[in-house]
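Scroll down for the structure; my scribbles are underneath it.
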Amino acid sequence: MQTIYATDAIEYNPGRSSQFFTFKQHKGAYPLIRGNKGLNLAVAVEINGQRNAAFGTNLIRDLQGSHQLAYQNHFKRLLNWLLKRDDISIQNVAQVRLALMNNYTASRTTSWLKTHYVNWQVTFCNDATILKSCLADADLVITGSDENASADQVMAGLKNAQSKGAALLYVHQHRWGNKALTNTVLAPMNLSMEPLGGAGNYFSQDSASWDNLQQMLAGRNGLEDLRQLFSKLQDNSFTFDLAACATDCDASFAEEYLNVVKKLRSLIQNLDQNKIDIFASDTYQLEQLIVLLGDFYRQSIIYPMDVTTTDNVAFLQAYFSDHTVYNSRTKNQTQADLGNFSRSDFTHVTPVNKRLSYTSKEIFRSAGVYALPGQTFSVTRNDSSELTVEIFINTLRSSSTKEFEANKYNRPKFLQSVAIPIAPGETISLTSPYGGPVQLMFSANDLQVELDFTHVGLHPYWSSAADNAGFSAAMLAGNYDWAEVVTPNFEIHSQLEKMRTTLARDNVSNVEDLAAITEQYIHNYPHVLAGYQGPGINVVAEIHDFSRDKDWAIDNLDIVKHMNADQASCGWGCSGNPYDASWSFNPVGHGDIHEFGHGLEKRELRFSGWETHSTTNTYVYYSQTQYAK
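In this note's numbering, the protein residues as written are 1412 to 2040.
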């Protein structure tokens, strides 16, 4: 860092259309540009002598356009460092390869490089089929994350280049967002970016304005933030009033605590997602200590807690453990108190091994097996279908745990685990301190997937008439606190007692009847009214003929939708996929179709001055009138 900045000032303003990075491990990692608000806007990483850097903007394109010029000399010194050259030798011939970027970025990048390094030979590797060979003889690979190659092709090409000594330089083309390939590209550099859908630097609007390197390093420091957090958790020396969070947390709560644990959660989620067992290596010592501290705190949690009356340290330690839950390991002690989510003692259950086949359907489906808390289970993928399959545990939204409401911190905050990809032929092992129903996320429909599960439980689960007897017996036994009913297009994920209430309703004679009614009145009729076509949706001639006469397209819908009968993320019921509710599921109930309808309503059909519920209740009334016929 000293060779890059010397005693110069550091000015870098990427604007809100930019991103930031998280280190997957801290060994050999440098915050190349730390913003004044603490975000890593650019980073450098050295891995056993091989060097990498990444920027949260399309920096070289910007320099070519006469933007960020205050950083240009620093960037040129960074290139010296990446290539292990000095100011003279940097002008010698170098093989530079560009990859995974659009033509405009490649052109602008080439122009800037040829202007400043006339002897460099720059090649744009834009053919995915020969990406590995194109990158093989590079001294420097400058890469984006445009999706013009597969994840396997990208990983093979970048890792091969690294193994031959090439330096990697990542430039970000996607403003505050990212792409599915972004974290694939960053993984070989031991870096990660927030998952898809994150806001990047849009709201933080962080930038760097430092008099010199020493001032930047003395500023908001990730490791110093951790040291202070651990110290304050130990001696309760936080300056904020935690009870204020019952109405509105003050700024010091975010600065001293929340922002730090959120960064830890992002770090640990990325380790989980990349299937890295940090305890199988000595290169993750800091991360190991963070996770183990969360494990230690987790064993002392007693629910429910109240932000105004619970001991501050106990509350904050519990919340820390929620943010540091980590499953990609073989030892992970069960959390003794799981609150209203589930019992924690499953000694009455004998784990089984199960081979199961599925027909894929987006976005996700229940796997029909249960991860027992504190017990390692394994999954092996036997099929060769061309789709991405990901494994995760639980469907519950984090917002359904209302930790700052009166006496509502009644279970762990992040019960749904990160989704972990599994490739054909691969085996992954996970150990959750919470357990829960296992779910499968699919990237495409109608492909065959076969999985072997080892050491799992079998909770009440129904997907066809073949499950009638087993489901009824499991519901009666009550060995689990969750039950699932799966129809071709809709899935009910329910607390056990709520499922018992559902099955006892006057309009439901048995589980097979429940599934049929659900398909008809939750899936079919609302989608008919909304103007969709697809599996399980009736073709109404009046609608289709009218659309054809108007030359209007009828959208196709072929995804699974879900309901969590649990506790609502907002109000008494809260829309989404899954929508969640504090009531037991009713396939013709006003509340269920109402929340489901929020995902279908269109504001264009709302009369001026009418509130939003006027356009979701139409789905309720249509299904209910059809049911009443």
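Quick reminder that beta carbons are idealized off the backbone N, C-alpha and C, glycines included.
Values in this document were obtained by computation on a predicted structure and should not be read as measured data.
Do Val-1829 and Asp-1683 have their C-beta atoms closer together than 7 Å?
yes
Quick one: what's Thr-1865 bridged to in DSSP?
Ser-1789
Which residue marks the beginning of the alpha helix (DSSP H) containing Gln-1461, and which one marks its end?
Careful: Gln-1461 lies outside any alpha helix (DSSP H), inside the beta strand (DSSP E) at 1461–1466.
Taking 6 Å as the limit between beta carbons, can you name the residues of its chain near Asn-1818, skipping five residues before and five after?
Pro-1715 and Asp-1717
Taking only the alpha-carbon atoms, compute the straight-line gap between Leu-1511 and Leu-1592 and give it to the nearest angstrom.
9 Å
Quick check: what's the CA-CA separation for Phe-1564 versus Leu-1607?
Reading off the sequence, residue 1564 comes out as Gln, not Phe. Spanning the two alpha carbons is a distance of roughly 21 Å.
Grab me the residues of Trp-1963's own chain with a C-beta within less than 7 Å of its C-beta, minus the 5 sequence neighbours each way, in chain order.
none
Only counting the same chain, and skipping five residues up and downstream in sequence, which positions put a Cβ closer than 8 Å to that of Asn-1469?
Thr-1516, Gly-1555, Val-1582, His-1583 and Gln-1584
For my contact list, Ser-2108 and Ala-1657 are in at a C-beta cut-off of 8 Å; report their separation, rounded to the angstrom.
Any answer about residue 2108 is impossible in this case: the structure gives the chain only from 1412 up to 2040.
Cβ-based neighbour list, Glu-1861, same chain, cut-off 6 Å, excluding 5 preceding and 5 following:
Ser-1768, Asn-1793 and Asp-1794
Checking the sheet assignment: what are the DSSP bridge partners for His-1904?
Glu-1895 and Asn-1975
Could you give the first and the last residue of the continuous beta strand (DSSP E) run that contains Gln-1989?
Per the sequence shown, the amino acid found at residue 1989 is Pro instead of Gln. Run containing Pro-1989: none; DSSP gives neither H nor E here.
Please determine, among Ala-1729, Leu-1634, Leu-1452 and Asn-1571, the residue with the shortest C-alpha to C-alpha distance to Leu-1644.
Ala-1729
Can you give me the C-alpha to C-alpha distance between Thr-1806 and His-1904, rounded to a whole angstrom?
8 Å
Which word fits Ala-1417, buried or exposed, when buried means at least 16 other C-beta atoms lie within 10 angstroms of its C-beta?
exposed
Looking at the strands, I want to know which residues DSSP matches up with Trp-1621.
Ile-1421
For Phe-1882 versus Trp-1873, is the C-beta distance shorter than 7 Å?
yes
Uninterrupted alpha helix (DSSP H) stretches inside the stretch 1696–1763 (no shorter than 4 residues):
1696–1709 and 1723–1734
On the three-state DSSP scale, how would you describe Ser-1677?
helix
Check for me: the beta strand (DSSP E) holding Val-1849 runs from which residue to which?
1847–1853
Taking three-plus beta-carbon pairs below 8 Å as touching, is the stretch 1771–1783 in contact with the stretch 1679–1699?
no
From the DSSP output, which residues share a beta bridge with Gly-1833?
Rather than Gly, the amino acid found at residue 1833 in this sequence is Ile. Paired residue(s): Val-1800.
Under 8 Å, with one C-beta from each stretch per pair, do the stretch 1749–1768 and the stretch 1862–1870 reach the 3-pair mark?
yes
Do the CB positions of Ala-1465 and Leu-1602 come within less than 7 Å of each other?
yes
How about Gly-1947 and Pro-1899: do their beta carbons lie closer than 7 Å?
yes
Count the other CB atoms, across all protein chains shown, that sit within 10 Å of the CB of Gln-1906; report buried if there are 16 or more and exposed otherwise.
buried
Going by beta carbon distance, what residues of the same chain come within less than 6 Å of Ala-1440, once the five residues before and after it are set aside?
Phe-1434 and Val-1456
Limits of the unbroken alpha helix (DSSP H) element including Arg-1959:
1952–1960
Jot down the residue ranges of each uninterrupted alpha helix (DSSP H) in the stretch 1554–1611, minimum 4 residues, whole runs only, in chain order.
1562–1574 and 1593–1597
Let's see if you can read the secondary structure: which residues bound the beta strand (DSSP E) around Pro-1937?
Looking at the DSSP string, Pro-1937 is not in any beta strand (DSSP E); the run it does join, the alpha helix (DSSP H), is 1936–1941.
Can you find the residues in the same chain that come closer than 6 Å, C-beta to C-beta, to Met-1852, ignoring five residues on each side of it along the sequence?
Phe-1775, Glu-1801 and Ala-1830
How far does the alpha helix (DSSP H) with Glu-2006 in it reach, from first residue to last?
2001–2008
Among Asp-1688, His-1955 and Leu-1697, which residue has its Cα nearest to the Cα of Arg-1740?
Asp-1688
Three-state secondary structure (DSSP) of Asn-1967
strand
Keeping to the same chain, check which residues put their C-beta closer than 6 Å to that of Leu-1678; ignore five residues upstream and five downstream.
Thr-1433
Given 8 Å, three or more beta-carbon pairs between the stretch 2003–2015 and the stretch 2029–2036
yes
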